[in-house]
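This report concerns only the one structure given below.
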Amino acid sequence: MKKNLKLLIAVSVILAFLASACGSVSKNTKIVKAQCEYLDSPIGIDAEHPRFTWVFGSDTENFRQEAYQIHIASSEELLASGKADIWTSNKIESTTPRAIYNGGTKLTSHTRYYWTVTVWDKKGKNHTSPVSYFEMAKMSKADWQAKWITDSHDKEFEPAPLFRKEFKTTKKLISARVYVSGTGYYEMFINGKRVGENFLDPGYTHFDKRILYVTHDVTSLITEGDNAIAAVLGNGFYNCQSKAVWDFERARWRERPRLLSELRLVYDDGSTDIISTDETWKTNTGPYTYNNIYSGDRYDARLEETGWNSAGFDDSKWNKVQLSKEPAPILAAQQMPGIRAVKEIKPKSVKSFGNKIYLFDLGENIAGVCRFSVKGEAGTTFTLRHGELLKADGRLEQGNINVYYRPEKKGEVFQEDVFILKGTGKEEEFTPQFSYHGFQYIEVESDRPVTLTVDNLTGLFLHTDIPQVGNFSSSNNLLNKIWAATNQSYQGNLHSIPTDCPQREKNGWTADAHVAIDLALLNFNGITLYEKWMTDFIDNQREDGVIAGIIPSSGWGFGDWPGPVWDAAMFIIPNALYDYYGETRSIEHLYPTMVKYLDYLKTKEVDGGYLNFGLGDWVFYKAQTPNEYTSTLYYYHDYVLMARFAKLLGKNATPYQQKAEQLKKLINNKFFNAETGIYANGTQTAQAVALYMGIVPEGKEQLVADNLHKTVSGNNYFLDFGLLGSKTVPAMLTKYGYVEDAYKMATKTEAPSWGYWVETQGYSTLAETWTLSPEFRDASINHVFMGDISAWMYNTLAGINLDRDQPGFQNVIIRPHFVKDLEWVKGEYNSVRGLIKSEWEREGDKINLSVTIPAGSTATIYADKEYTVGSGVHQYIIKENK
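Numbers -21 to -1, 1 to 861, taken from mature numbering (1 follows the signal peptide of the UniProt record, and there is no 0), label the letters of the sequence shown in order.
Here it is, written out as structure tokens:
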């Protein structure tokens, strides 16, 4: 941080005064980013009323938008000439940089639209964005010409199906789009080249309710003359052929994989060709002899047919495809980013155990697969086993992650990929396509002697590629390591849904996700992912209103376990999307599901309103908080949020407000000792969650917080909680004056602590349990649900906070805490409105604080006193009280 802040502070104060006295100082104002559906120029959306957002440059001081107007045209030329033939909105008075398409012209399938937004500031000066575009995919079922196809094998047949078709082009091509879905996953080729960068497409859903399709621009892959389009399908969660505890092998949707594809070619004369999956396609099986989402892929290169995915291949011995009924009534565009190989990692070491077994160490724990390259004779078989731990002798240990696998078939494995060489005399390469693993170590075993080095293997970190928007660093490297491990865990648990772990479960546990939602949205732009997952909640709900603890689910996880604390994700996550983005779409879509769920919970009440079932402070260390207490608390929280949602949607909030007050009284009557200030059994979680939920009677908050502090300090500042305490204890200690104590807790390095994981144990991700049990059960080392300490770093140390009364960062609250042990802190967050930064550094007995607020936003800054400011850079010098 610059040392000349003392010289600049006077200028900052003068500018702030002039801005407040004279109005907008909108020099250099420009719109630097404009998105449709929170995506940069998307080509495959199916929203009938797309949303538009825009961001102003961060160098603009005290700028505020007063009005906007959207312009949409069918061509860039028309837009440039001022002829928005599709829609010109009214000039809308609004300070919010967001709009929804509400034009009289219905948007049509397969069409690209061009748009700009013009914004007026307080002085009436206008600013127009650069031209952006969006492209519609399929707007209705009637727009599909393609038919679902499969082969003649049943769901138990193991080799993966291949499909192909040849076609000709004779005209000059303008554009080519392929709209494709495969159940479970597809890998597609045009003229032998892979289509797109995504892995494991389409995203995981309830396959009998809703299936996603993906749009690819394949213009560059089409050649004049003969062409071929081809695909291979994997099972994914659609056709789980191995047994585990979650019953996916008995899923109601389970069938042989099937393909839906439509290639649309547009020529310069305005004509089109459609190459669709239909009866004319051919099918066969090939080198993928088995694939399972938990087990892995088996690939026998001897079964490859050279050129099968290119034009000119002789497929006369291939079979005719079979037409299939549609698997689900809803076919929707996949609008979240795909799962991609975001990072390649070379092993930091390799160790041999004889001349057939080699142990590779990537040096970090990831989710993904390995690209394996090797040369050898035909039939040489390599088995790649993946895991997070090593045995005492240095060999791979899978005991902590294979506990839920229930192999029944001969040769069934867990987290193992098998590669059998063709024996070409050249190096052969294998990258699994239909599974992913959680691992740091890879044990490669050959069925015959071989020499391997670090050059033979590369780790590919695969996850849903949502952009990173937050960064945190400080003078305490332990905090930096915890923050980095949290991010690594979060990314390793994004595979079209937020998961609990990438190895043994891969499930969308609901509480894991809602407890981690703040760290998620402060670090990553996850709105498209979470909006998709909230739709999965709608598809998951049963007629009686109940939802499962894992979503999607084929039937496992319903009933009284896991219960209200877990189910609260359907309220907490849409609420977070509103807080962070000002976005209500998930609330609108989920509202009937929420009503139905609350009606279900009414049938489960006991003694006038309590809920006595479900999980609570999961994976606590020693102190267990009563589940009846936490379940009823989250039931109360549901009603608080439901009242908020009703107001937002213009509905009657009174019944929900009244119910919330009733539950608040019930909880305090049964669980609160007003004299002692103790909730339930007085655990760290019990005290903190009451404060966090806002149920403490007025005037008693500090007493409850003081008791929380006594519990923590009496335990030598060690944590003693599970996932609920991990989110609430540091936050509530901070809120009620004990930030130094929260910091002591956050920086412990003995067990149990976050520091124990990353410093003492050397983990690059967060573990599931505070300590590993001797038998390794329930001890994944890649869970994110204890990671809210990362959000605490942003909120408390950097001081970046949202204002719930002004969502979407219309107003930013900056409240840094200058913890004595820290010399400096830097936090930044690229919000929906632009960059927010808060940096501070000690210099002698003073602290230099620099805050950046995005254009169009205001901020309340708590430094030496409270400041109300507009956009721009604000600098303060704060004298510390010793």
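Glycine included, every Cβ here is placed at the ideal spot set by N, Cα and C. Predicted model, so just to flag it, every value in this text is computed and none were measured.
Cα-Cα separation, Ile674 to Gln637: Position 695 of the sequence shown, counting from 1, holds the residue named residue 674. Position 658 of the sequence shown, counting from 1, holds the residue named residue 637. When rounded, the distance between both Cα atoms is 14 angstroms.
Nearest-angstrom Cα separation, counted from Glu72 out to Lys104: Position 125 of the sequence shown, counting from 1, holds the residue named residue 104. Position 93 of the sequence shown, counting from 1, holds the residue named residue 72. So the alpha carbons of these two residues sit roughly 14 angstroms apart.
Start-to-end residues for the beta strand (DSSP E) that takes in Arg623: For this step, residue 623 is matched to residue 644 along the sequence shown. That residue, Arg623, is in no beta strand (DSSP E); its alpha helix (DSSP H) goes Asn606 to Leu627.
message: Between which residues of its own chain and Ala311 is the CB-CB distance below 7 angstroms, once the five residues before and five after are set aside?
response: To locate residue 311, count along the sequence shown from 1; it is residue 332. Answer for Ala311: Asp25, Arg189 and Leu191, listed in chain order.
- request: Pull up the DSSP beta-bridge partners for Ser425, would you.
  value: Residue 425 sits at position 446 when you count from the first residue of the sequence shown. DSSP output for Ser425 lists Phe361 as bridge partner(s).
- prompt: How big is the Cα-Cα spacing for Lys805 and Ala52?
  reply: As a working note, residue 805 is residue 826 in the sequence shown. As a working note, residue 52 is residue 73 in the sequence shown. About 43 angstroms.
- prompt: Given a threshold of 16 other Cβ atoms within 10 Å of its Cβ, counted over all protein chains shown, does Ser328 qualify as buried or as exposed?
  reply: Translated into positions along the sequence shown, residue 328 becomes position 349. Per the 10 Å Cβ criterion, exposed.
message: Measuring only the C-alpha atoms, how far is Val668 from Leu612?
response: Position 689 of the sequence shown, counting from 1, holds the residue named residue 668. Position 633 of the sequence shown, counting from 1, holds the residue named residue 612. Approximately 8 angstroms, taken between the alpha carbons.
- prompt: In the DSSP assignment, what residue or residues form a beta bridge with Tyr589?
  reply: In the sequence shown, residue 589 corresponds to position 610, counting from 1. Tyr589 pairs with Val585.
- prompt: Would you report the Cα separation of Asn554 and Tyr576, rounded to the nearest angstrom?
  reply: The residue you call residue 554 lines up with position 575 of the sequence shown. The residue you call residue 576 lines up with position 597 of the sequence shown. Just so you know, the alpha carbons of Asn554 and Tyr576 end up roughly 16 angstroms apart.
task: Out of Gly534, Asn456, Asp226 and Leu498, state which residue places its alpha-carbon closest to the alpha-carbon of Thr775.
output: As a first step, residue 775 is located in the sequence shown; it is residue number 796 there, counting from the start. The residue with the shortest Cα to Cα distance from Thr775 is Leu498.
field: Touching by the beta-carbon criterion (3+ pairs, under 8 angstroms), the stretch 712 to 725 and the stretch 735 to 744
entry: no
- request: Quick one: residues in its chain with C-beta nearer than 6 angstroms to the C-beta of Thr97, no 5 flanking neighbours on either side, listed in chain order?
  value: Position 118 of the sequence shown, counting from 1, holds the residue named residue 97. Excluding residues within five positions, the ones whose Cβ falls inside 6 angstroms are Gln48, Asn105 and Thr107.
- prompt: In this structure, does DSSP put Leu(-17) in helix, strand or coil?
  reply: One-based indexing of the sequence shown puts residue -17 at position 5. Here the model assigns Leu(-17) a pLDDT of 36, short of 50, so the residue's position is not dependable, and the following value carries that caveat. Here Leu(-17) sits in helix by DSSP.
Contact belief for Arg233 with Lys134 at Cβ below 8 angstroms, rounded distance in angstroms: Indexing the sequence shown from 1 puts residue 233 at position 254. Indexing the sequence shown from 1 puts residue 134 at position 155. Indeed they touch by this definition, with Cβ atoms about 6 angstroms apart.
message: Rounding to the nearest angstrom, what Cα-Cα distance links Trp535 and Asp515 in this structure?
response: For the purposes of this step, residue 535 is taken as residue 556 along the sequence shown, with counting starting at 1. For the purposes of this step, residue 515 is taken as residue 536 along the sequence shown, with counting starting at 1. Approximately 15 angstroms, taken between the alpha carbons.
field: Own chain, CB closer than 6 angstroms to Lys511, minus 5 neighbours either side, in chain order
entry: Within the sequence shown, residue 511 is the residue found at index 532, counting from 1. Contacts found: Met315.
message: In this structure, how does DSSP classify Gln740 when only helix, strand and coil are distinguished?
response: Stepping through the sequence shown from its first residue, residue 740 is reached at position 761. Correct three-state label for Gln740: coil.
task: With a floor of 4 residues, list each alpha helix (DSSP H) that falls wholly inside the stretch 488 to 514, ordered by position along the chain.
output: Within the stretch 488 to 514, the complete alpha helix (DSSP H) runs of at least 4 residues are 489 to 494 and 496 to 502.
- prompt: How many whole angstroms separate the CB atoms of Pro795 and Ala777, which I take to be in contact at a CB cut-off of 8 angstroms?
  reply: Here residue 795 refers to the residue found at position 816 when the sequence shown is read from its first residue. Here residue 777 refers to the residue found at position 798 when the sequence shown is read from its first residue. Their Cβ separation, rounded to whole angstroms, is 6 angstroms, which keeps Pro795 and Ala777 in contact under 8 angstroms.
- prompt: Leaving out five residues before and five after Ile336 in sequence, what residues of the same chain have Cβ atoms less than 6 angstroms from its Cβ?
  reply: On the sequence shown, position 357 is the one that residue 336 refers to. The residues are Glu424.
task: Report buried or exposed for His853, applying the criterion of at least 16 other Cβ atoms within 10 angstroms of its Cβ.
output: Along the sequence shown, read from residue 1 onward, the residue named residue 853 stands at position 874. Buried, because 16 or more other Cβ atoms sit within 10 Å of the Cβ of His853.
- prompt: Cβ of Asn694 within 7 angstroms of any heavy atom in the ligand SAM?
  reply: No copy of the ligand SAM occurs in the structure displayed, which carries no ligand at all.
- prompt: Would Arg281 be called buried (16 or more neighbouring beta carbons within 10 Å of its own) or exposed?
  reply: Start at 1 with the first residue of the sequence shown, and residue 281 comes out as number 302. With a 10 Å radius around the Cβ and a threshold of 16 neighbouring Cβ atoms, Arg281 comes out exposed.
field: Three-way DSSP call (helix, strand, coil) for Tyr696 in this model
entry: The count along the sequence shown starts at 1 and reaches residue 696 at position 717. In the structure shown, Tyr696 sits in coil (DSSP, three-state: anything other than H, G, I, E or B).
- prompt: For Ser5, does the count of other Cβ atoms within 10 angstroms reach 16, so buried, or fall short, so exposed?
  reply: Your numbering for residue 5 matches position 26 in the sequence shown. Residue placement at Ser5 is poorly supported in this model, since its pLDDT is 43, which falls under 50; the coordinates still yield a value, given next. Buried, by the Cβ-count rule.
- prompt: If you follow the alpha helix (DSSP H) that Pro709 is part of, which residue opens it and which one closes it?
  reply: Taking the sequence shown and counting its residues from 1, the one referred to as residue 709 is at position 730. From DSSP, the alpha helix (DSSP H) with Pro709 extends over Leu702 to Lys714.
- request: Please report the residue range of the beta strand (DSSP E) in which Glu176 lies.
  value: Residue numbering aside, residue 176 sits at position 197 when the sequence shown is read from its first letter. Note, Glu176: premise wrong, no beta strand (DSSP E); not H, not E.
- request: Determine the contact status of Ile768 and Ile461, defining contact as a CB-CB distance below 8 angstroms.
  value: By 1-based counting over the sequence shown, the position of residue 768 is 789. By 1-based counting over the sequence shown, the position of residue 461 is 482. Against a cut-off of 8 angstroms, the Cβ pair of Ile461 and Ile768 comes out as a contact.
- prompt: Where does Glu820 land, buried or exposed, given buried means 16+ other C-beta within 10 angstroms?
  reply: Position 841 of the sequence shown, counted from the start, is the residue given in the question as residue 820. Glu820 is buried by the Cβ-count criterion.
message: Taking the straight line between their C-alpha atoms, what separation do you get for residue 866 and Gly595?
response: A query on residue 866 cannot be resolved here, the shown segment of the chain reaching from -21 to 861 and no further.
message: Rounding to the nearest angstrom, what Cα-Cα distance links Met115 and Pro634 in this structure?
response: Counting from one through the sequence shown, the residue named residue 115 turns up at place 136. Counting from one through the sequence shown, the residue named residue 634 turns up at place 655. When rounded, the distance between both Cα atoms is 41 angstroms.
task: Could you tell me which residues DSSP puts in a beta bridge with Ser240?
output: Along the sequence shown, one-based indexing puts residue 240 at 261. Answer by DSSP bridge pairing, in chain order: Val159.
query: Counting along the chain, where does the beta strand (DSSP E) carrying Ala659 start and finish?
result: Walking along the sequence shown from the start, residue 659 turns up at place 680. Unbroken run through Ala659: none, as it is neither H nor E.
- prompt: At which residues does the beta strand (DSSP E) containing Gln14 begin and terminate?
  reply: Looking up residue 14 in the sequence shown gives position 35. From DSSP, the beta strand (DSSP E) with Gln14 extends over Ile10 to Cys15.
query: Which residues in the same chain as Ser452 place their Cβ atom closer than 6 angstroms to its Cβ, once the five residues preceding and following it in sequence are excluded?
result: If you number the sequence shown from 1, residue 452 lands on position 473. Excluding residues within five positions, the ones whose Cβ falls inside 6 angstroms are Asn459 and Lys805.
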